[in-house]
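One point on numbering: in our numbering, the residue at position 61 of the sequence shown is 61, and numbering is uninterrupted. Even for Gly, the Cβ is constructed at its ideal location relative to N, Cα and C. What you are looking at is a predicted structure, and each value in this text was computed from that prediction instead of being measured. A short write-up of the structure that comes next.
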Amino acid sequence: MLGARVEHFYIAILEGLHQLLTTKYDGKMAESQERYDYAGCAEQIELSLSEERFKPYLLKAGHDKTYAFNLYLYNARLAKAFLFPLHILEVTLRNRINDIFQTRFGEGWHTEHQFLSKLNQESTASLTKAIARSPKNTTPDIVSTLTFDFWSNLFRDDYDRDFWQSSMVDLLPHVAKTRKEFQHNIKNINRFRNRIAHHEPIHKLNISVQHTEIIDTIGWLCTDTKDWVRHHSTVNSILRTSPSARGEDKPHFSERADNDFALIPVDTNLSTLPSKRFFICHDESKDPVSIIEKQHLYTFLTSKVEKDNESLLVSLSDYCLSDVIAHNSIKNNFIECSAEESLYKARKTFKVKGINYIIVRKPDEFLGVITKAHRQY
Numbered sequence: 001m002l003g004a005r006v007e008h009f010y011i012a013i014l015e016g017l018h019q020l021l022t023t024k025y026d027g028k029m030a031e032s033q034e035r036y037d038y039a040g041c042a043e044q045i046e047l048s049l050s051e052e053r054f055k056p057y058l059l060k061a062g063h064d065k066t067y068a069f070n071l072y073l074y075n076a077r078l079a080k081a082f083l084f085p086l087h088i089l090e091v092t093l094r095n096r097i098n099d100i101f102q103t104r105f106g107e108g109w110h111t112e113h114q115f116l117s118k119l120n121q122e123s124t125a126s127l128t129k130a131i132a133r134s135p136k137n138t139t140p141d142i143v144s145t146l147t148f149d150f151w152s153n154l155f156r157d158d159y160d161r162d163f164w165q166s167s168m169v170d171l172l173p174h175v176a177k178t179r180k181e182f183q184h185n186i187k188n189i190n191r192f193r194n195r196i197a198h199h200e201p202i203h204k205l206n207i208s209v210q211h212t213e214i215i216d217t218i219g220w221l222c223t224d225t226k227d228w229v230r231h232h233s234t235v236n237s238i239l240r241t242s243p244s245a246r247g248e249d250k251p252h253f254s255e256r257a258d259n260d261f262a263l264i265p266v267d268t269n270l271s272t273l274p275s276k277r278f279f280i281c282h283d284e285s286k287d288p289v290s291i292i293e294k295q296h297l298y299t300f301l302t303s304k305v306e307k308d309n310e311s312l313l314v315s316l317s318d319y320c321l322s323d324v325i326a327h328n329s330i331k332n333n334f335i336e337c338s339a340e341e342s343l344y345k346a347r348k349t350f351k352v353k354g355i356n357y358i359i360v361r362k363p364d365e366f367l368g369v370i371t372k373a374h375r376q377y
């Protein structure tokens, strides 16, 4: 009779395991893609990009072409991510300036002599070009046709007295900035915007600082818009995908590994298990043989429970991890991967039958576990 040698009341443990098993795990993987095979096509892609354009990436990558292509793709992802905050900044700025000019010069300010007489030759040429390109020739259409260069150039010294001595507070209601301070800020952002527009490298710049400057500038114009853009901007997420020096795209396995694990012998008694999410079970040679989670313990123990007067009782000291492994048929249910390998490999790895875990490790150290369940690759 199993109850005659009971050492633990199992029901409390069973309920605890069930709670752990059914608790939603919030960790999510970044969406990924299959790695691209450059065999046989690298030279043609390089020719399409041009030797001159690809050269900076190749030098940065130490002439490792795969790494250079990864840098190029990373740069493209950054440029794409910046389009949204730059777009909102430009639209917000030009609409605010349009409001100020309509108040001061009239609804059709772009045709008023009082306004036109204050423009220098460069600004006049930009405005004339926009009017010629405008299909409707209305003020909203002219505003949307004018370039960011036109708007940013309005903060030059030439226009300090005529436009901004009494209007900076209307332009920037949420911060005290002089025209000169704002000009410096907008000039830097416009230079950065033009680098993106001409497909130039930006990955070597201080991207976090640049992103913050754009977000803050939007906030000077409108705090609500700043919060909205900051919430939806993907720049910080893209920063975490920069490729490593060995050519593997980020994020790496080490960045997603769950370190809530114990490295433990397969003959460890169930009554002495530590409180961990994962057990990396190893043999006498210290080689891993299986990954065990709470649900495996739950499945094993429920199979051993015997009802006796509506009590659930079991002796945990009668069993060890090897029994759990055998019962669940989960020997070799993992693959070991290097900490610096790309997380993009996870999708293909988990397509292998019977593989539900990745053990992430350095040559002399286990870093953590990545599980197939509840995650997207």
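Reduced DSSP category for residue i - H, G, I as helix; E, B as strand; rest coil
| i | result |
| --- | --- |
| R156 | coil |
| H211 | helix |
| A373 | coil |
| H203 | coil |
| D216 | helix |
| D162 | helix |
| D258 | strand |
| H252 | strand |
| L2 | Confidence at L2 is low in this model, with a pLDDT of 40, below 50, so the placement of that residue should be treated as unreliable; the coordinate-derived value is given next. It is helical. |
Buried or exposed by the 16-neighbour rule on C-beta atoms within 10 Å, applied to residue i
| i | result |
| --- | --- |
| H198 | exposed |
| V360 | buried |
| V91 | exposed |
| N120 | exposed |
| S152 | buried |
| S50 | exposed |
| E341 | buried |
| P135 | exposed |
| N98 | buried |
| E293 | buried |
| V385 | Residue 385 falls outside the range modelled here, since the chain spans only 1 to 377, and no answer is possible. |
| R133 | exposed |
| P363 | exposed |
| P274 | exposed |
| S237 | exposed |
| K250 | buried |
| N190 | buried |
| P140 | exposed |
| W228 | exposed |
| T217 | buried |
| A326 | exposed |
| S123 | buried |
| S48 | exposed |
| T241 | buried |
| S117 | exposed |
Host alpha helix (DSSP H) of residue i (start-end)
| i | result |
| --- | --- |
| E51 | E51 to K60 |
| A197 | R179 to A197 |
| P265 | Careful: P265 lies outside any alpha helix (DSSP H), inside the beta strand (DSSP E) at F261 to P265. |
| P140 | T139 to T145 |
| D64 | It is not in any alpha helix (DSSP H) - D64 carries neither H nor E in the DSSP assignment. |
| T223 | T223 to H232 |
| D170 | M168 to L171 |
| V235 | V235 to L239 |
For residue i, the first and last residue of its enclosing beta strand (DSSP E)
| i | result |
| --- | --- |
| H282 | F278 to H282 |
Anticipated Cβ contact below 8 angstroms, residue i with residue j, distance rounded
| i | j | result |
| --- | --- | --- |
| T225 | I88 | 6 angstroms |
| I358 | A346 | 7 angstroms |
| H174 | W220 | 6 angstroms |
| H296 | V289 | So it is not a contact: roughly 13 angstroms between Cβ atoms. |
| P56 | P201 | 6 angstroms |
| S126 | F150 | 4 angstroms |
| N75 | H184 | So it is not a contact: roughly 26 angstroms between Cβ atoms. |
| F155 | R193 | Not really, about 15 angstroms apart at Cβ, beyond 8 angstroms. |
| G354 | N328 | Their Cβ separation, rounded to whole angstroms, is 12 angstroms, which puts G354 and N328 out of contact at 8 angstroms. |
Test: residue i CB closer than 8 angstroms to a CB of chain C
| i | result |
| --- | --- |
| K348 | Judged by its chain identifiers, the structure shown contains no chain C, having just a single protein chain. |
My parser needs the alpha helix (DSSP H) runs of 4 or more residues fully inside the segment 77-125; what are they?
113-116
With a floor of 3 residues, list each beta strand (DSSP E) that falls wholly inside the segment 290-367, ordered by position along the chain.
306-308, 311-314, 334-338 and 357-362
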